[in-house]
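Engineer: Got a structure for you, questions after.
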Amino acid sequence: MLRTNYYFLAALSVLFCTNLWSQGIPNPEILYYKFDEVGTTVTNYATNPPAGTATATLLGGVTQGSTGQCNGAIIGSGTASSTDYMNTNWAPSLNSATPWTLSFWTSDIGASSTLFYIFGDANSNSFRCFTNGVAGASNWILRCTGMTDVYINGAAIVAPTMTTFTFDPTTMNIKGYVNGVLVTTVAQTNVPISGVGPLKVCGYGTNVGLPSGGKMDEFRLYDRVISDADIMQLYTRSTIDTVNVLSCGDYTSPSGNYTWTTNGTYSDTIPNSYCGDSLLTINLTIAQPSFDTMDVTTCDSFDSPSGLYNWTTSGMYYDTIPNAAGCDSLLTINLTINNSTYDTMDVTACESYDSPSGLYNWTTSGMYYDTIPNMIGCDSLLTINLTVNYMTSDSIVLTECDSLVSPSGNYTWTTSGIYYDTIPNAAGCDSLMTFNLTILESTVSTITPASCGTYTAPDGTDYNASGTYMAIIPNGAGCDSIITINLTYWNIDTNVTVSGATLTSANAGATSYQWVDCATQTPIAGETNASFTATANGDYAVMIDNGPCSYMSECTTISNIGIEENGVVLVTAYPNPVSTKLTVVNADAKALTLRLLDYAGKEISSRVSSEEEITIDMKNLATGMYILKVSNNGSEQTIKVIRD
């Protein structure tokens, strides 16, 4: 079936005031190739393609065109994909936590002794999909190092066939579909499809891609698991649309097969842009002509709504225009024609006056004339009795501290001198003011006191924290003396918080720290940071120096060293504390994942083993607390290990 672009539904929204509701085929987010172009460039139509993958490139004898499932297809050359393949420019980045759906159509895949690789990336743990060989004739196999093989039987054939794979990390299953029908579900423990790329389509490594003349179309890769209904829709390519149509008179259906004359809900079918059927539900409303009356008041003359008439006298008139539905709106127009008016204005202004129309400027008192629109839009002929008033001037002597804001509020003066400002006078005109101003200055100083207790500032304010403060007192000139106080307040918080075997002083900004073993009342060598991780159970305290003050915290008890974090028991480990090698006893020989972390959570080493005794080398690790995490089939055991 060929793809045909239909614009009928879009045209409906313009011609018939329609509203469309469409249930379309979901578009992929990562890769989507239609193979409908000419030449070696293939557009990636995905909605959110990875950087650098906007287009793919056909290499060697691989081409696009011919007849696929929807217009063109990619056509194999039967030649090794070291030279003949499509470069997607994509470095796969899928893993066991990443859901995905991969779907494609193939045809003209015949049985052969040659393995045909339709896509893959040798640099992504040998991820590939192929037929023949271990897959068997007419079958596809999806394979990747570390992943369980997924077989799709009977899909690699001559007849057009759609194959779909989905991976759901919540169930750790890969499902396989043929022509929209689920045919297999394969459990997975790891899906490591990631590497430097590039992913090849119609090829893998140096192997043969599609056979000569073999075709692939509609290659889709989603970043989610699409539903079974969506997968079946990919196969049928059918869409469902609802169209609300408001028509004037009879309505012909989009297919042209029906003509409807009454309101109702109808069904029709037309081709969609996916090479399938668009199943239309049409909610049809048949509109009728309308009748309206307009009361119009205007000046001198009136142009009819249709533009066909011009009326200059009051009266009843008739006109016809389209209504909102596109049918005739028959108008009765009750028209009133008005005339110009005459008005007199008494105006008082300063210095000069701009006429209401803006056409004139008058600078002396007198009688003037102007014309503006009146309330009904006709001319208002104005007679203006104008009185023009004038500005005044004043001088003022002032003494102020630091600055003076002018009476108008437009200026701030900070030095002595002669200044000018303008405010309204009693007549409402400008009053030009001259100021002979003397500015007396405030003083500014900075002090840097230090205090272990409450500090009282010069203005009498008490402070109990370090910071920058301000005090204002009068100076000798009677202006402000502004004092900046850079206060150092030596406050020592002797509280200690505990997290596991780590003790942390609550006083994060101290000058120095020294952790002490309370049992011996002796300093612990090298433990001079705000945090201390105990390597043995006991009581500990910290000596804190902060400026001129020094305090010791209360003793804190650590008693959880060597205790397991949860109740799950998969293994035992000895010796603990350990100096060189830690032995993990796996009595049931389970397949275990073992991860060794430092106490900050940073991974040091990891391995997978099913041996009954597993040795972990800790000889070269620093002394301290470590975490061993052991997991199997969703269960996880956490063991604290001390390196002494």
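The number in our numbering is simply the position in the sequence shown, starting from 1, with 2 added.
Yeah, the Cβ is synthetic: ideal placement off N, Cα and C, and Gly gets one too.
In this text the structure is predicted, and so the values were computed from the model without any measurement.
By alpha-carbon positions, which one of Thr537, Tyr553, Ala538, Ala536 ends up nearest to Val544?
Structural biologist: Considering only alpha carbons, the answer is Tyr553.
Engineer: Using CA coordinates, which residue listed in Ile288, Val247, Ile284, Ala75 is at the minimum distance from Asn265?
Structural biologist: Closest option to Asn265, Cα to Cα, is Ile288.
Engineer: Taking Ser83 and Gly205 to be in contact with their CB atoms under 8 Å, please state how far apart those CB atoms are, rounded to whole angstroms.
Structural biologist: 3 Å between Cβ atoms; contact.
Engineer: With Phe129 and Ile195 assumed to form a contact (beta carbons below 8 Å), what rounded beta-carbon distance in angstroms separates them?
Structural biologist: Their Cβ separation, rounded to whole angstroms, is 5 Å, which keeps Phe129 and Ile195 in contact under 8 Å.
Engineer: What does the Cβ neighbour count give for Asp243, buried or exposed, with the cut at 16 atoms within 10 Å?
Structural biologist: With 16 or more Cβ atoms within 10 Å of its Cβ, Asp243 is classed as buried.
Engineer: Quick one: what's got a C-beta closer than 8 Å to Ala113's C-beta in the same chain, skipping five residues either side?
Structural biologist: If we look at Ala113 and ignore the five residues flanking it on each side, its Cβ neighbours are Asn134, Ala139, Ser140.
Engineer: Would you mind listing the beta strand (DSSP E) stretches within the segment 336-391 that are 3+ residues and don't spill past its ends, in chain order?
Structural biologist: Correct list: 343-352, 368-375, 381-391.
Engineer: Whether or not the segment 180-188 and the segment 229-236 are in contact is what I'm after, with contact meaning three or more pairs of Cβ atoms, one per stretch, closer than 8 Å; do they touch?
Structural biologist: Yes, they touch.
Engineer: Quick one: using the 10 Å Cβ neighbour count with 16 as the cut-off for buried, is Arg239 buried or exposed?
Structural biologist: With 16 or more Cβ atoms within 10 Å of its Cβ, Arg239 is classed as buried.
Engineer: Leaving out five residues on either side along the sequence, give the residues of the same chain with a beta carbon under 6 Å from the beta carbon of Thr450.
Structural biologist: Once the five neighbours on either side are set aside, the close Cβ partners of Thr450 are Asn488.
Engineer: Note the first and the last residue of the continuous beta strand (DSSP E) segment covering Gln235.
Structural biologist: Per DSSP, Gln235 belongs to no beta strand (DSSP E); it is in the alpha helix (DSSP H), 230-238.
Engineer: Going by beta-carbon coordinates alone, are Thr283 and Thr263 separated by less than 9 Å?
Structural biologist: The answer is no: Cβ separation not under 9 Å.
Engineer: Do Asn325 and Asp345 have their beta-carbon atoms positioned less than 9 Å apart in this structure?
Structural biologist: Contact flag unset, no.
Engineer: Do the CB positions of Asn340 and Thr299 come within less than 9 Å of each other?
Structural biologist: A contact, by the Cβ cut-off of 9 Å.
Engineer: Identify which residue in Leu584, Tyr628, Glu615, Val571 has its Cα closest to the Cα of Gly603.
Structural biologist: Minimum Cα distance to Gly603 is reached at Tyr628.
Engineer: Return the residue from the list Trp415, Gly430, Met435, Ala429 that minimises the CA-CA distance to Asp423.
Structural biologist: Nearest of Trp415, Gly430, Met435, Ala429 to Asp423, Cα basis: Met435.
Engineer: Could you pull out every unbroken beta strand (DSSP E) segment of at least 3 residues lying fully inside the segment 532-595, listed in chain order?
Structural biologist: Fully enclosed beta strand (DSSP E) runs of 3 or longer: 533-535, 540-548, 551-554, 558-560, 574-576, 583-587.
Engineer: So what does DSSP say about Ala289, is it helix, strand or coil?
Structural biologist: Ala289 falls in the strand class under three-state DSSP.
Engineer: Taking the Cβ atom as the reference point for each residue, do Ser126 and Gly199 lie within a distance shorter than 9 Å?
Structural biologist: Yes, the Cβ-Cβ distance between Ser126 and Gly199 is below 9 Å.
Engineer: Should Val573 go down as buried or exposed, given a rule of 16 or more other Cβ atoms within 10 Å for buried?
Structural biologist: Burial call: buried.
Engineer: Look at Asp541 and Cys557 and say whether their C-beta atoms are less than 9 Å apart.
Structural biologist: Against a cut-off of 9 Å, the Cβ pair of Cys557 and Asp541 comes out as a contact.
Engineer: What are the boundary residues of the beta strand (DSSP E) that Asp482 is part of?
Structural biologist: Element bounds for Asp482: 482-491.
Engineer: For Tyr260, does the count of other Cβ atoms within 10 angstroms reach 16, so buried, or fall short, so exposed?
Structural biologist: So Tyr260 ends up on the exposed side.
Engineer: Considering Glu605, what are the terminal residues of the beta strand (DSSP E) in which it resides?
Structural biologist: Segment 605-611, the beta strand (DSSP E) holding Glu605.
Engineer: Please classify Val498 as buried or exposed, where buried requires at least 16 neighbouring CB atoms within 10 angstroms.
Structural biologist: It counts as buried.
Engineer: Within the same chain, show all residues whose beta-carbon is closer than 6 Å to that of Ile425, passing over the 5 residues directly before and after it, in chain order.
Structural biologist: Closer than 6 Å at the Cβ level, and outside the excluded window around Ile425, lie Pro409, Ser410, Ser433.
Engineer: Excluding the five sequence neighbours on either side, which residues of its own chain have a C-beta within less than 6 Å of the C-beta of Gly511, listed in chain order?
Structural biologist: None.
Engineer: Measure the C-alpha to C-alpha separation of Glu614 and Val587 and round it to an integer number of angstroms.
Structural biologist: Their Cα atoms are separated by approximately 6 Å.
Engineer: Can you find the residues in the same chain that come closer than 7 Å, C-beta to C-beta, to Ile154, ignoring five residues on each side of it along the sequence?
Structural biologist: Excluding residues within five positions, the ones whose Cβ falls inside 7 Å are Asn141, Trp142, Thr165, Gly178, Val180, Val185, Thr186.
Engineer: Using three-state DSSP, classify Trp23 as helix, strand or coil.
Structural biologist: Note that Trp23 scores 46 on pLDDT, short of 50, meaning its location in the model is unreliable; the coordinates nonetheless yield the value given after this. Trp23: strand per DSSP, three-state reduction.
Engineer: Are the CB atoms of Thr389 and Thr350 nearer to each other than 9 Å?
Structural biologist: The answer is yes: Cβ separation under 9 Å.
Engineer: Could you tell me if Val399 is buried or exposed, where buried requires 16 or more neighbouring beta carbons within 10 angstroms of its beta carbon?
Structural biologist: It is exposed - the Cβ of Val399 has fewer than 16 other Cβ atoms within 10 Å.
Engineer: Taking the beta carbon of Leu2 as the centre, do at least 16 other beta carbons fall within 10 Å, making it buried, or is it exposed?
Structural biologist: Here the chain comprises residues numbered 3 to 646, so residue 2 is not present and cannot be evaluated.
Engineer: CA-CA distance, Lys202 and Asn209?
Structural biologist: Using only the alpha carbons, I get a separation of about 11 Å.
Engineer: For Asp297 and Ile335, I'd like the C-alpha separation in whole angstroms.
Structural biologist: Straight-line Cα distance between these residues: approximately 6 Å.
Engineer: Please list the terminal residues of the continuous beta strand (DSSP E) segment that includes Thr440.
Structural biologist: Per DSSP, Thr440 belongs to the beta strand (DSSP E) from 432-442.
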